[in-house]
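J.: For reference, the structure I am asking about is given below.
Chains as they are written, first to last, in the working numbering: chain A, 8 to 468; chain B, 76 to 416.
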């Protein structure tokens, strides 16, 4: 295993892992803020309990997002030093602003929210949870503008004296449509992720007749937000498709396993490739649908992989410019199908809520839907990042030229295995606590202190 | 604003971020290291954690902002340091992760084994982080092998040298005393007394290590060649404030004792940055290959944009973080009914 491959695996694993926790943080913050606001307005104790209960799950999840986020910021320099040198003039800015504008906000006010109840004015306590939600969503904006720049670099020139890319238009960087499309997609999927968690956990309690009023209200709010969220995800995704078509045609073609340029372009329902993941063996196609995804009509031409490969070789020199198609192709299909499934499920729940859901047989399956947005989020990011390969910055810098040249295979094995073990244990602890708190419900007193004296190792006499 | 002015400004700003981080997270790390030793019962341990519970995460963001600002303002510095100190930073990340997660998870299960495990992870994570940060800064002041292409050519063991270790241990001891002073300021009754007594003991060790560090700095860095024998006011102040800490601990003036350890940390950090300036990564291979604020910085345009951003947001952040400390200024008691879990 060479350092590049190991660095890619490490970055991929730590990033996908980090993003298992982020969407729930993004979405759940708004839910808790809303519930607490309702309590503030109505003094209805049920809303207070709701805010507390969902707030607890929010906190357990938030903690892992925070600690794994530090790794993200360090890794650009640690593993991708040549990338950092080449584009740091541009890419560093949104990262620094993210810390300054968003990390301080969310972490400071989260502390106030957790420790402030009863000690600070109720209004300030309420404001603090809104600021937490705002802070985490703002941080998503800045990191997505940074990522958007990697997909579609704007506002820069190549300085031949310093030998790097330099920022010349900050406004272009922060208005990069790619970043804003990512942002819309991510915020909406965060809402959907939180909604599905609330739907699943609420269903679990409703069928067991625990706190039915509280959980039915939660279920209803989550069904509405879940529908809005998944609808926005789909619409934003469609806009993204068109933008990818314009700016990253290779990603588009590889998502669709489209080998040759077609007009109109068909949509592959099933394509079987060979073992390299880069050659087609057999496919079943829907005519014109890819054209619709790419440019909103059923007739436009969509470039195929072979044609773009030939064009890129002329433009950028010899090399393989085709992403690993088995990943982009299936990543897209998982994301896309689950996105629609989620939308239909929430519509179904909204209809079902007009009747009696407490006794419905299907309710016992609802907790399983929690996993759906997670698969969709993961697939979406993997396809987006893998679809940019071999580029780290589209058209500007290749991954192979971005890695830190001083790292040895041993360095990387130590860190990769270390992160894998550590993250694995964190996942176990997180899953254990999430499940425990979700199942215990809002009435369980979890916080009592315990007499642990004999077991305290190290305490001084 | 001229390019050179901006480069100096950002060197100072990054220095300020590190100094702020050391001052704030310094007592967090100290509190973390002391946790399993000072807390006899679960309630006491919870009380100790609650002294920093509402602020530790915000304090840690100073580190993230320092990292982000280094990336934005001096990408070459960021690239060389982070790739060069690879395994050290990996260990730092492990330390920060196990510590951060433990603050949030330790009370979420009543099992004593669970709580004990996370308490120890807080202590070990805090210790590891403090030791590594101290070692890293000593090495930055001393210089590390860097080639003509700004690439670090050493490995993890290059950083583990006498001066690096002295820097690391001095940092650990000062953070310990800073944490103990903070605890004696924030806790009530018996625990307050115990924290103070502990602070007194650690003070002796911290003073010795600090003096050793001061002497070693003359031997291992180029400070003597560049600045001469007179260290100037800043390093002297670092030692004097640490000495004064002992006086205030004895007089039971916890507030002043805390301020003095804080100042000592601040002056020590400033000293490191003064030794480095205008270099940001000193090359021990060839002085000409050092990274400086001039050859490691971003473009004038980026520095200008970042300056405007900093001008807007730094005051806002300072205002609300300061306000948080004011809000939670009360002492914390280990009585069960008043504890937030």
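Beta carbons are placed, not taken as given, at the ideal position from N, Cα and C, and that holds for glycine.
Within 9 Å (strictly less), CB to CB, does residue 150 (chain B) reach chain A?
T.: Closer than 9 Å: yes.
J.: Confirm the yes/no value for this check: CB of residue 196 (chain B), any heavy atom of the ligand SAM, distance under 8 Å.
T.: Ligands are entirely absent from the displayed structure, and the ligand SAM is therefore not among its contents.
J.: So which of B:142, B:192, B:183 and B:369 has the shortest CA-CA distance to residue 488 (chain A)?
T.: Residue 488 (chain A) cannot be examined here, being either before or after the span of chain A that is shown, 8 to 468.
J.: State the DSSP-derived secondary structure class of residue 467 (chain A), mapped to helix, strand or coil.
T.: Any reading at residue 467 (chain A) must be qualified, since the residue scores a pLDDT of 45, below 50, and its modelled position is unreliable; no value is offered.
J.: Tell me where the alpha helix (DSSP H) around residue 99 (chain A) begins and ends.
T.: First-last of the alpha helix (DSSP H) with residue 99 (chain A): 88 to 104.
J.: Excluding the 5 residues flanking residue 73 (chain A) on each side, which residues of the same chain have their C-beta closer than 8 Å to its C-beta?
T.: Once the five neighbours on either side are set aside, the close Cβ partners of residue 73 (chain A) are 114.
J.: Taking only beta-carbon atoms, is residue 396 (chain B) less than 9 Å away from chain A?
T.: Cβ-Cβ to chain A under 9 Å: yes for residue 396 (chain B).
J.: If you reduce the DSSP assignment to three classes, tell me which class residue 277 (chain A) lands in.
T.: DSSP places residue 277 (chain A) in strand when its eight states are reduced to three.
J.: What residues in the stretch 8 to 33 of chain A bring their beta carbon closer than 7 Å to a beta carbon of chain B?
T.: From the stretch 8 to 33 of chain A, no residue has a Cβ closer than 7 Å to chain B.
J.: Got a sec: which bits of the stretch 411 to 435 of chain A sit with their beta carbon under 7 Å from any beta carbon on chain B, in order along the chain?
T.: Answer in chain order: 411, 412, 413, 414, 418, 421, 422, 425, 429 and 433.
J.: Are the stretch 367 to 380 of chain A and the stretch 392 to 409 of chain A in contact at 8 Å, needing three or more beta carbon pairs?
T.: As far as the Cβ criterion goes, the stretch 367 to 380 of chain A does not touch the stretch 392 to 409 of chain A, which means the pair count is below three.
J.: Along chain B, in chain order, which residues have C-beta atoms closer than 7 Å to that of residue 115 (chain A)?
T.: Simply 133, 395, 396 and 399.
J.: Within 9 Å (strictly less), CB to CB, does residue 70 (chain A) reach chain B?
T.: Cβ-Cβ to chain B under 9 Å: yes for residue 70 (chain A).
J.: Does residue 358 (chain B) come within less than 9 Å of chain A when only Cβ atoms are used?
T.: Residue 358 (chain B) does not count as touching chain A.
J.: Answer with yes or no whether the minimum CB distance from residue 35 (chain A) to chain B is below 9 Å.
T.: It does not: the Cβ of residue 35 (chain A) has no partner Cβ on chain B nearer than 9 Å.
J.: Using a Cβ-Cβ cutoff of 8 Å, what residues of the stretch 372 to 385 of chain B are near chain A? List them in chain order.
T.: Against chain A - using a Cβ distance shorter than 8 Å - the residues of the stretch 372 to 385 of chain B are 373, 374, 376, 377, 380, 381, 384 and 385.
J.: Give me the residue from A:407, A:104, A:441 and A:333 with the minimum Cα distance to residue 383 (chain B).
T.: Measuring from the Cα of residue 383 (chain B), the nearest candidate turns out to be A:104.
J.: Answer yes if the stretch 278 to 289 of chain B comes into contact with the stretch 125 to 132 of chain B, meaning at least three C-beta pairs across the two stretches below 8 Å, and no otherwise.
T.: Segments in contact, no.
J.: Mind pulling the chain A residues with CB within less than 7 Å of residue 179 (chain B)?
T.: Within 7 Å Cβ-Cβ: 66 and 70.
J.: Can a CB atom of chain A be found closer than 9 Å to the CB of residue 219 (chain B)?
T.: No - not a single Cβ of chain A is within 9 Å of the one on residue 219 (chain B).
J.: If you measure between the beta carbons of residue 100 (chain B) and residue 138 (chain B), is that distance less than 9 Å?
T.: Result yes, Cβ atoms of residue 100 (chain B) and residue 138 (chain B) sit closer than 9 Å.
J.: Just verifying my parser: in three-state terms, what is the DSSP assignment at residue 163 (chain A)?
T.: Reduced to three states, the DSSP call for residue 163 (chain A) is strand.
J.: Do you know how far the Cα of residue 415 (chain A) is from the Cα of residue 350 (chain B)?
T.: Looking at the two C-alpha atoms, the distance is approximately 31 Å.
J.: Can you look up residue 400 (chain A) in the DSSP assignment and give me helix, strand or coil?
T.: Residue state, collapsed to three classes: strand.
J.: Using only alpha-carbon positions, find the residue among B:263, B:90 and B:155 that is nearest to residue 413 (chain B).
T.: Ranking B:263, B:90 and B:155 by Cα distance to residue 413 (chain B) puts B:263 first.
J.: Pairs of beta-carbons, one from the stretch 144 to 157 of chain A and one from the stretch 168 to 178 of chain A, closer than 8 Å: are there three or more?
T.: Verdict: no, contact absent.
J.: Under the three-state reduction of DSSP, which class applies to residue 129 (chain A): helix, strand or coil?
T.: In the structure shown, residue 129 (chain A) sits in a helix (DSSP, three-state: H, G or I).
J.: Under 8 Å Cβ to Cβ from residue 399 (chain B), same chain only, skipping five residues before and after it: list those, please.
T.: Around residue 399 (chain B): 129, 130 and 133.
J.: Does the structure place the stretch 95 to 111 of chain A close enough to the stretch 140 to 150 of chain A that three or more beta carbon pairs sit under 8 Å?
T.: With the cut-off at 8 Å, the stretch 140 to 150 of chain A and the stretch 95 to 111 of chain A touch.
J.: Give a yes or no on whether 9 Å exceeds the smallest Cβ distance from residue 283 (chain B) to chain A.
T.: So, not an interface residue.
J.: Check this for me: beta carbons of residue 269 (chain B) and residue 329 (chain B), under 9 Å apart or not?
T.: The answer is no: Cβ separation not under 9 Å.
J.: Using the Cβ count rule (16 or more neighbours within 10 Å means buried), how would you classify residue 220 (chain A)?
T.: Classification for residue 220 (chain A): exposed.
J.: Alpha helix (DSSP H) containing residue 251 (chain B): first to last residue?
T.: Taken as a continuous stretch (DSSP letters only), the alpha helix (DSSP H) holding residue 251 (chain B) covers 237 to 261.
J.: Looking at the structure shown, is residue 211 (chain A) part of a helix, part of a strand, or coil, going by DSSP?
T.: Note: residue 211 (chain A) maps to helix in three-state DSSP.
J.: Nearest by alpha-carbon distance to residue 388 (chain A): which of A:307, A:348, A:420 and A:340 is it?
T.: When only C-alpha atoms are compared, the closest one is A:340.
J.: Is residue 151 (chain A) helix, strand or coil when you go by DSSP?
T.: Reduced to three states, the DSSP call for residue 151 (chain A) is helix.
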